[in-house]
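Below is one structure, written out as structure tokens; the observations come after it.
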Amino acid sequence: MTRILCVRLSAMGDLVQSLGAVQALHAARPELELAFVTQRENVPLLEGMPGIQHVVAHDRRGGLSAWLRTRRELRALGCDVALDLQGNFKSAACAFVSGARDRIGAAAPFRQEPMSRVLLTRTVPCSGPVHPGAVALALVQTIAPHATARPPQLVATAAEIAAAAAAVRRAGVDPARPFTVLVLGRADDPRSLQECAIRAEQARGGPLLLLAGPAESDVPVPQSVPVWRQARGRSEEHTS
Numbered sequence: 001m002t003r004i005l006c007v008r009l010s011a012m013g014d015l016v017q018s019l020g021a022v023q024a025l026h027a028a029r030p031e032l033e034l035a036f037v038t039q040r041e042n043v044p045l046l047e048g049m050p051g052i053q054h055v056v057a058h059d060r061r062g063g064l065s066a067w068l069r070t071r072r073e074l075r076a077l078g079c080d081v082a083l084d085l086q087g088n089f090k091s092a093a094c095a096f097v098s099g100a101r102d103r104i105g106a107a108a109p110f111r112q113e114p115m116s117r118v119l120l121t122r123t124v125p126c127s128g129p130v131h132p133g134a135v136a137l138a139l140v141q142t143i144a145p146h147a148t149a150r151p152p153q154l155v156a157t158a159a160e161i162a163a164a165a166a167a168v169r170r171a172g173v174d175p176a177r178p179f180t181v182l183v184l185g186r187a188d189d190p191r192s193l194q195e196c197a198i199r200a201e202q203a204r205g206g207p208l209l210l211l212a213g214p215a216e217s218d219v220p221v222p223q224s225v226p227v228w229r230q231a232r233g234r235s236e237e238h239t240s
């Protein structure tokens, strides 16, 4: 069986955007065995995802020992093809140390670090904007030409769904009724929160839930907006 290694170490949002192409590859070529290498903190996103049989966690802060461990785990998989979905030296290095004979990545204009292409065996041109999903699809189509773009689908376990519902409920929102989720694009610009809350209630007939991380710890939130705040690796839900 041909085994394909997909490389996308970071960032989490770009990884998610790339998953639509990986899922399209599985749909078009279900006989292929897919492996994925990503940073350790992103591994839970990939667990249980249909089509991905192997996930290798790379410790980005582990230094040389982490690279040696990643190399050992990738070599043990015996991948035939490596797709560098990211386009920098770290991702190209993962493709290189995997031992895959065919290492494919985007052409220089579509790479974060163009010189990293020297670690690959070939590059392919991409069309349109430099977007993680578009680049990933162009690389996938070197193996499955008829693969078509699709929105990424994440897999949540029953336990994760129950935990999220409980967190939303503790934040003051009924998870069984329609509500709108807002993620701040800029932590220093909360001016539109109140307007978003009003529009959400008007458009959906339900409340707005703000997802906030450590960077938004000091953002003033309108009194009417419930907050699910992530801090120091745990959730703190409350109503502002």
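Heads up, the sequence shown stops at 240 in the numbering used here, and the numbers go up one at a time, no gaps.
Idealized CB from N, CA, C, for every residue including glycine.
Given the structure is predicted, the values throughout are model-derived calculations rather than measurements.
Considering just the uninterrupted stretch of the alpha helix (DSSP H) at residue i, what are its terminal residues?
| i | result |
| --- | --- |
| Arg75 | 63 to 77 |
| Asp102 | First-last for Asp102: 102 to 106, but that is the beta strand (DSSP E), not the alpha helix (DSSP H). |
| Asp80 | Careful: Asp80 lies outside any alpha helix (DSSP H) and carries neither H nor E. |
Looking at C-alpha atoms only, which residue of the options is the closest neighbour of residue i?
| i | options | result |
| --- | --- | --- |
| Ala108 | Arg3, Arg122, Leu45 | Arg122 |
| Val97 | Arg169, Arg71, Glu31 | Arg71 |
| Ser116 | Arg177, Ser127, Arg8, Ala92 | Ala92 |
| Leu15 | Ala82, Val37, Ala163 | Val37 |
| Pro311 | Ala24, Ala158, Glu160, Arg169 | Residue 311 falls outside the range modelled here, since the chain spans only 1 to 240, and no answer is possible. |
| Glu31 | Ile52, Leu68, Pro145, Met1 | Met1 |
| Leu154 | Pro50, Leu5, Cys6 | Pro50 |
| Arg111 | Thr148, Leu139, Arg101 | Leu139 |
| Ala158 | Gly48, Val43, Leu5 | Gly48 |
| Glu41 | Gly13, Ala167, His131 | Gly13 |
| Glu160 | Val7, Leu45, Leu5, Cys6 | Leu45 |
| Val55 | Leu5, Ala166, Asp102, Phe179 | Leu5 |
Secondary structure at residue i, three-state DSSP: helix, strand or coil?
| i | result |
| --- | --- |
| Cys126 | coil |
| Ile161 | helix |
| Gly48 | coil |
| Leu139 | helix |
| Ser18 | helix |
| Ala176 | coil |
| Leu25 | helix |
| Arg234 | Its pLDDT being 41, under 50, Arg234 is placed unreliably by the model, and nothing is read from it. |
| Ala149 | coil |
| Ala167 | helix |
| Val155 | coil |
| Ala134 | helix |
| Leu85 | coil |
| Leu182 | strand |
| Ser240 | Because Ser240 sits at a pLDDT of 43, beneath the cut-off of 50, its placement in the model cannot be relied upon, and the following sentence gives the value as read from the coordinates. Three-state result, Ser240: coil. |
Once the 5 residues before and after residue i are set aside, which same chain residues still bring their CB inside 7 Å of it?
| i | result |
| --- | --- |
| Arg3 | Glu33, Ala35, Leu77, Gly78, Cys79, Asp80 |
| Pro114 | Ala108 |
| Val7 | Val37, Ala82, Leu83, Asp84, Leu85, Gln86, Ser91, Cys94, Ala95 |
| Ala134 | Cys126, Gly128 |
According to the neighbour-count rule (16 or more other Cβ atoms, all chains shown, within 10 Å of its Cβ), is residue i buried or exposed?
| i | result |
| --- | --- |
| Gly105 | buried |
| Leu64 | exposed |
| Pro132 | buried |
| Leu74 | buried |
| Ala171 | buried |
| Leu68 | exposed |
| Leu130 | One point to set straight first is that residue 130 is Val, not Leu, in the sequence displayed. Val130 is exposed by the Cβ-count criterion. |
| His26 | buried |
| Ala156 | exposed |
| Ala163 | exposed |
Among residues of its own chain, excluding the 5 on either side of residue i, which ones have a beta-carbon nearer than 6 Å to its beta-carbon?
| i | result |
| --- | --- |
| Asp136 | It should be noted that the sequence gives Ala, not Asp, for residue 136. Taken in chain order, the residues that qualify are Ser18, Ala21, Leu85. |
| Thr142 | Ile104, Val124 |
| Arg29 | Ala144 |
| Ile52 | Leu34, Phe36, Leu46 |
| Ala149 | Leu137 |
| Ala147 | Ala24, Leu25, Ala28, Val140, Gln141 |
Specify, as a first and last residue, the run of the beta strand (DSSP E) that residue i falls within.
| i | result |
| --- | --- |
| Phe96 | Segment 89 to 97 is the alpha helix (DSSP H) holding Phe96; no beta strand (DSSP E) there. |
| Leu5 | 3 to 7 |
| Glu33 | 33 to 39 |
| Leu209 | 208 to 212 |
Please go through the same chain and pick out, in chain order, the residues whose beta-carbon is closer than 8 Å to the beta-carbon of residue i, but skip the five residues on each side of it.
| i | result |
| --- | --- |
| Gln39 | Leu9, Ser10, Ala57, His58, Asp59, Arg60 |
| Arg169 | Pro175 |
Looking at chain C, is there any beta carbon in it that lies within less than 8 Å of the beta carbon of residue i?
| i | result |
| --- | --- |
| Thr180 | Of the protein chains in this structure there is only one, and it is not chain C. |
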